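Numbering (our numbering), first residue to last: 8 to 153. Where is the CB? At the ideal position from N, CA and C, for every residue including glycine. Note that this is a predicted model, so its numbers are computed, not measured. So the structure is just underneath, and the comments pick up after that.
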C-alpha cells in the first residue's frame, strides 16, 4: 500500500536535490486511508504542517526557509504517534522519482529572514507555504539562490 508522506528540509538541504536525506517524515494515520475530498485534504494538510513545524526552530536558527517534500511511498512500518491523525517515522532513502511536489515558505517571507533566531521563528510561523510541482524544482532552486 502506498501513502502520501511529507519530508521536511531546510532550503539549503533542498538545494542538493535530488541528493536529499530527510531525517524525519510524517504521514496520515492508516485509520484515515478511506477518507476522500475535503476530509482527505485536511489530514494531508495536517501531516504537511507537522513536517513544517518539525523544522521551524532549526530553520530559524540558520536564518533560512523550510521546504516540505510530498512523496508517494510504501507505507512505513516503524512509526510513532505524532498527534491527531499523524504518524512520524525515520525514512529510508528517499527515492526522488516518488516526490510529487514541494511546499516552500513564501519567497517574500524568506527575504525577511536575518540573524535574529527569535524574529526568524516568528516570520516562519506566520509564513505561508507555497506549492510547487516536482517538475519545477530546478527553477525553484534557482529562485532560492536569489
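In this structure, what does DSSP give as the bridge partners for residue 138? 110
Own chain, CB closer than 7 Å to residue 80, minus 5 neighbours either side, in chain order: Excluding residues within five positions, the ones whose Cβ falls inside 7 Å are 9, 10, 12, 105.
Stretch pair the region 138-152 + the region 99-114: three plus CB contacts closer than 8 Å: yes
Given residue 53 as reference, the closest of 75, 115, 20, 64 once Cα atoms are compared: Comparing C-alpha distances from residue 53 to each of 75, 115, 20, 64 shows the shortest one belongs to 75.
Helix, strand or coil: which one does DSSP assign to residue 82? coil
In angstroms with no decimal places, state the Cα-to-Cα distance between residue 68 and residue 47. 33 Å
Chain B within 8 Å of residue 44, Cβ atoms only: Reference to chain B is not applicable here, since this structure consists of a single protein chain.
Check the DSSP bridge columns for residue 77 and list the partner residues they point to. According to DSSP, residue 77 bridges with 13, 108.
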